[in-house]
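Undergrad: Shown below is the structure under consideration.
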Amino acid sequence: MKKSWRYTLSILTLIAIITLLIEVIFQPTSSLWFVWNNIINFYILCSFCFFIWIGLYHLWCHIIHHKHHSFFIICLLLVSISITGLGYSSHYHKEITDYHVTIPKNTTLSSLKIAFISDIHIGSGTSPQQIKNLVDTLNQNQYDLICLGGDIFDENSPQDYIEQTLKILSAAHCKYGIYAVDGNHEKYISLSSQKLYQKYKITYLNEKFVCIDGLFNIIGREDVSLHSSTSLDTICENMDSSLPTIVLDHNPGRYKENQKYADIQLSGHTHAGQIFPGNVITNLLYDNDYGLLVQDHHSLIVSSGYGSWGFPIRFMTNCEYVEVYVSF
564 MKKSWRYTLS ILTLIAIITL LIEVIFQPTS SLWFVWNNII NFYILCSFCF
614 FIWIGLYHLW CHIIHHKHHS FFIICLLLVS ISITGLGYSS HYHKEITDYH
664 VTIPKNTTLS SLKIAFISDI HIGSGTSPQQ IKNLVDTLNQ NQYDLICLGG
714 DIFDENSPQD YIEQTLKILS AAHCKYGIYA VDGNHEKYIS LSSQKLYQKY
764 KITYLNEKFV CIDGLFNIIG REDVSLHSST SLDTICENMD SSLPTIVLDH
814 NPGRYKENQK YADIQLSGHT HAGQIFPGNV ITNLLYDNDY GLLVQDHHSL
864 IVSSGYGSWG FPIRFMTNCE YVEVYVSF
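Position one of the sequence shown corresponds to residue 564 (this note's numbering), numbered consecutively onward.
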């Protein structure tokens, strides 16, 4: 019986390795492959979880000088499958998280409704079909402004997916347009963001600002991992800072620097830890790793992201896009 189990596990592991190699080398994009790849990822994550539990169980039995019982091993397997299934469910269940913010500045605007989407990580369990569903939701909710906060793409994003995703996103309707910045992962893969976003009529902001109809400003920051030599003062040299100002900065780490000009900063990057206890770690690394932080009329909003990095799994965190209601 033990030999047959080992043989089965060996075959499954070999299939998983071959699948990963095909994914890396050929980057297939068919719907069937997407489903198959998710099944393999489920097996990998479930096995990883199971071996951790087994290791702890063996250690416990060794400490108390107790024999192993097949019943407990089966229970640990079921727990591993349940945890992985819950993690997958959390990834595919997309939420809308709303915040209400007031900017104490004079403007002819009475309000502004913003959709902020970050960390989609196309290819890591998120497909163009899911982006179609996202755009349908955006269009139903009728936003004034749509902002993309970086890490839309990463190392697992097939080139075909990149083009498809931007084409789909460009179909989102809003009053003042779609604006985007890069995250660290776009830089890792040397994505030519300027040309791509321009092709699909998405305004790409890289260490620059834009004034929207004389009503409000949007500043787009280069990701902090690139160590840009352009100062914030240089970016905002000709900007009317008396207008309400939104900063798009993928990483929330330098929000204090951005406070000089920003009334609202929209960030992502942290994934709120993605998997417990990752959220404990991100909470130690950032003043605000998730949610709304208000300091001296400056609001920092950090999204947990619309997708997941590496594997399509979340545990004790959620996938979301952010809805911001701004009043003046």
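Heads up, the beta-carbon is just placed ideally off N, CA and C, and yes, glycines get one too.
(1) Output the distance between the C-alpha atoms of residue 564 and residue 571, rounded to the nearest integer angstrom.
(2) In three-state DSSP terms, what is residue 771?
(3) Quick one: what's residue 888 bridged to in DSSP?
(4) Within 10 angstroms of the Cβ of residue 604, are there 16 or more other Cβ atoms? Answer buried if so, exposed if not.
(5) Counting pairs of beta carbons, one from the region 817 to 834 and one from the region 604 to 619, are three or more of them closer than 8 Å?
(6) Give the DSSP bridge partners of residue 854, in chain order.
(7) Closest by CA to residue 866, which one among 706, 712, 760?
(8) Between residue 609 and the ligand MN, is the CB less than 7 Å from at least one heavy atom?
(9) Restricting to Cα atoms, I'd like to know which of 806, 835, 815 is closest to residue 824.
(10) Do residue 871 and residue 684 count as a contact pair if the criterion is CB distance below 8 Å?
(11) Taking just the CA atoms, how far does residue 640 sit from residue 775?
(12) Just to check my reading of the structure: residue 782 and residue 732 have Cβ atoms closer than 8 Å, yes? What is that Cβ distance to the nearest angstrom?
(13) Could you compute how far the alpha carbon of residue 722 sits from the alpha carbon of residue 590?
(14) Grouping DSSP H, G and I as helix and E and B as strand, with all else coil, what is residue 874?
(15) Which runs of the alpha helix (DSSP H) spanning at least 4 residues fall entirely within the region 622 to 651, listed in chain order?
(16) Taking Cβ positions, are residue 886 and residue 658 nearer each other than 8 Å?
(17) At a cut of 8 Å, does the region 744 to 763 reach the region 780 to 800 through at least three beta carbon pairs?
(18) What span of residues does the alpha helix (DSSP H) with residue 841 cover, start to end?
(19) When burial is assigned at 16 or more other CB atoms within 10 Å of the CB, is residue 614 buried or exposed?
(20) Which residue's Cα is closest to the Cα of residue 778: 764, 802, 758, 841?
(21) Among 717, 740, 736, 790, which one has its Cα closest to the Cα of residue 756?
(22) Can you look up residue 763 in the DSSP assignment and give me helix, strand or coil?
(23) Which same chain residues end up closer than 6 Å to residue 810 when comparing Cβ atoms and leaving out the 5 residues on each side of it in sequence?
(24) Go ahead and label residue 600 buried or exposed: buried means 16 or more other beta carbons lie within 10 angstroms of its beta carbon, across all protein chains shown.
(25) What's the call for residue 875, buried or exposed, on a 16-neighbour Cβ count within 10 Å?
TA: Checking against the coordinates, here is how it stands:
(1) Caution is warranted here: a pLDDT of 47 is assigned to residue 564, below 50, making its placement in the model unreliable, and the coordinate value is therefore given only provisionally. C-alpha separation (whole angstroms): 11 Å.
(2) strand
(3) 663, 676
(4) buried
(5) no
(6) 865
(7) Ranking 706, 712, 760 by Cα distance to residue 866 puts 712 first.
(8) For the structure depicted, the ligand MN is absent and the ligand set is empty, with no information on it obtainable.
(9) Nearest C-alpha to residue 824: 806.
(10) yes
(11) 55 Å
(12) At roughly 21 Å, the Cβ-Cβ gap does not stay under 8 Å, so residue 782 and residue 732 are not in contact.
(13) 8 Å
(14) coil
(15) Entirely contained in the region 622 to 651, not one alpha helix (DSSP H) run reaches 4 residues.
(16) Result no, Cβ atoms of residue 886 and residue 658 do not sit closer than 8 Å.
(17) yes
(18) DSSP places residue 841 in the uninterrupted alpha helix (DSSP H) bounded by 841 to 848.
(19) exposed
(20) Taking only the C-alpha atoms, the option nearest residue 778 is 802.
(21) 717
(22) coil
(23) 782, 821, 825, 828
(24) buried
(25) By the 10 Å Cβ count, residue 875 comes out buried.
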